[in-house]
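Notes for the one structure printed next.
There are 2 protein chains.
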Amino acid sequence: TIHTHLEEALHSTQQESPLQGRSIVVTAGPTREKIDGVRYISNYSSGKMGFAIAGAAAKRGALVTLITGPVHLETPPGVKRIDVESALEMHAAARTFFQSCHIFIGAAAVADYRPAAPYERKMKKEAEEIEITLVKNPDILAEFSLQKSTKQLAIGFALEMQSDIDNARKKLESKQLDLIAFNFFDRKTSGFEVDTNILTLIERSGKTTELPQLTKHDAAERLLEVIEKQYGSKSPLHKNSR
Amino acid sequence: TIHTHLEEALHSTQQESPLQGRSIVVTAGPTREKIDGVRYISNYSSGKMGFAIAGAAAKRGALVTLITGPVHLETPPGVKRIDVESALEMHAAARTFFQSCHIFIGAAAVADYRPAAPYERKMKKEAEEIEITLVKNPDILAEFSLQKSTKQLAIGFALEMQSDIDNARKKLESKQLDLIAFNFFDRKTSGFEVDTNILTLIERSGKTTELPQLTKHDAAERLLEVIEKQYGSKSPLHKNSR
């Protein structure tokens with residue numbers, strides 16, 4: 174769009190971002206896992222953080238593909254949006270971009286589990302108690318990260334209910350991420366359905382940056398600054414390697 | 174509000190509705206049933222039908238209380254809105270209005286079941302397969318209908334995947350409703366997440382009115398016309414009984 178081109182032009186007069194012209198995939202929002210034709214399992218993710226990241230990356234001149242679950246948000250200018258519903262749909266959409274993207278940012282709250290045998294129509298149920306069997310969904314971010322080349326970055330989020338940061342560090346290790354944003358879950362200031370977040374950015378090197386309570390927009394900017402440094406140092410010849 | 178008073182005044186110059194000054198409770202939207210601190214079970218209800226009914230009733234001068242699950246909709250002018258999340262919360266809110274309302278319209282897609290033991294925090298799960306036990310939620314509409322006085326009306330919806338209307342008739346009987354709107358579920362033209370509905374209105378007397386595909390707004394108007402007739406004939410002295 175003209176708007177994006179103007180923003181890109183404006184940005185490039187200020188400074189060239191190492192993300193300029195790079196392909197970035199961002200996942201966002203919740204997924205919905207069908208129980209039957211009318212019922213589903215989901216989570217409280219609003220998609221705001223992922224959309225803010227996608228917008229901030231596009232402003233830096235990156236070619237952003239935003240794969241999102243069902244949310245009520247406007248697509249940021251210059252971002253290519255792909256709407257999906259379930260974790261399996263998000264997985265399929267993400268896989269088509271794994272090879273060709275430079276940076277993969279998993280900000281979606283992908284459902285860990287889905288009903289094992291979803292029913293096409295509406296279930297008729299009379300029993301006082303019923304059981305639903307859930308099976309594990311693929312870990313989209315880990316799958317990308319564990320197969321990524323040395324030129325690709327994988328960035329993830331860890332939403333934790335405890336202030337215990339070790340769980341986030343474990344995820345960074347086990348998924349071999351380049352950076353994990355530890356997201357302390359607090360109903361009022363950070364996490365789902367609020368406009369602010371309190372993130373701690375943990376890099377592969379161990380470097381840890383504690384951000385204060387910021388709007389998700391500002392938190393996205395700070396995250397992108399760290400990613401720019403990481404990507405810039407990883408591929409110092411990025412201007413020539415296009 | 175001034176707006177409501179103006180609308181009421183305007184309406185009353187046209188014709189006095191038997192719903193004028195009557196207390197109507199409308200339930201709308203889905204409910205969300207917590208699995209844990211971040212996950213829930215819900216359904217695809219958008220709340221549009223219930224909101225349209227609430228708006229149409231308020232235009233007729235009724236005193237409308239709209240009890241709604243989580244939706245992304247504007248409150249219709251002159252309607253008192255109460256936001257709830259779970260079926261149990263909707264049940265509690267509805268019960269406070271049972272005694273004093275003249276007409277109860279259950280348009281919400283209340284979850285039939287909720288997780289038996291929701292977990293406060295975020296579950297840590299590693300297993301390939303897990304089981305969730307669900308227990309039955311109260312049937313809010315049936316509870317009101319079965320205890321209503323002869324001066325009160327209970328109106329319900331039956332969302333059915335088959336064109337088999339008998340199920341709706343059975344619900345009308347078993348819940349002793351005054352009217353049930355049989356709502357054929359079709360992803361494109363009728364039911365959840367679309368702007369139109371194909372309703373068949375079945376009254377206690379057996380009288381059946383098949384409506385064509387209408388906007389939910391127009392369907393609400395037609396439903397209210399039938400309710401007006403039912404309520405008017407039930408309480409012919411309504412003007413004096415205030």
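For the record, the sequence lines run as chains S and F.
So full-length UniProt numbering is basically just the index in the first sequence, starting at one, shifted up by 173.
So full-length UniProt numbering is basically just the index in the second sequence, starting at one, shifted up by 173.
No residue lacks a Cβ here, since even glycine has one placed at the ideal position from N, Cα and C.
- Beta bridge pairing from DSSP links residue 215(S) with 213(F).
- Secondary structure note for residue 343(S): it is in no beta strand (DSSP E), and the uninterrupted alpha helix (DSSP H) holding it is 339-347.
- For residue 198(S), the enclosing beta strand (DSSP E) starts and ends at 196-201.
- Taking 8 Å as the cut-off, the Cβ atoms of residue 326(F) and residue 253(F) do not count as close.
- Contact check between the segment 332-342 of chain F and the segment 189-199 of chain F: fewer than three CB pairs, one atom from each, fall below 8 Å, which does not count as touching.
- Annotation: Cβ neighbours of residue 365(S) in chain F (cutoff 8 Å, chain order): 211.
- Residues of chain F with a Cβ closer than 9 Å to the Cβ of residue 245(S) are, in chain order, 245.
- In summary, the residues of the segment 285-318 of chain S whose CB is separated from some CB of chain F by less than 8 Å are 285, 286, 289, 294, 295, 298, 300, 301, 302, 303, 304, 305, 306, 307, 308 and 309, in the order they occur in the chain.
- Between residue 334(S) and chain F, the shortest Cβ-Cβ separation is below 8 Å.
- As the crow flies, the alpha-carbon of residue 269(F) is around 46 Å from that of residue 329(S).
- About 5 Å separates the CB atoms of residue 375(S) and residue 353(S); that is less than 8 Å, so the two are in contact.
- Scanning chain F for C-beta atoms nearer than 8 Å to the C-beta of residue 216(S) yields 211, 212 and 213, reported in chain order.
- The C-alpha of residue 346(S) lies about 8 Å from the C-alpha of residue 377(S).
- Exposure of residue 368(F) is indicated by the presence of fewer than 16 other C-beta atoms within 10 angstroms of its C-beta.
- Every alpha helix (DSSP H) stretch that sits fully inside the segment 218-302 of chain S and reaches 4 residues is listed by chain position as 221-232 and 260-271.
- For residue 397(F), DSSP assigns no beta-bridge partner whatsoever.
- Straight through space, the alpha carbons of residue 277(S) and residue 271(F) are spaced by roughly 53 Å.
- Under the 8 Å criterion on CB atoms, residue 375(S) is classed as non-interfacial with respect to chain F.
- In the three-state scheme derived from DSSP, where H, G and I count as helix and E and B as strand, residue 365(F) is classed as coil.
- Shortest Cα-Cα distance from residue 310(F) to any of 365(F), 349(F), 393(F) and 286(F) involves 286(F).
- For residue 326(S), the enclosing beta strand (DSSP E) begins and ends at 326-333.
- Counting along the chain, the unbroken alpha helix (DSSP H) around residue 314(F) starts and ends at 313-320.
- The beta carbon of residue 371(S) sits no closer than 8 Å to any beta carbon of chain F.
- Closest in C-alpha terms to residue 255(S), from the list 223(S), 392(S), 275(S) and 334(S), comes 223(S).
- If you look at residue 352(F), you'll find it in the beta strand (DSSP E) that goes 352-357.
- Within chain S, the C-beta atoms nearer than 8 Å to that of residue 208(F) come from 214, in chain order.
- Per DSSP, residue 386(F) is one residue of the beta strand (DSSP E) stretching across 381-388.
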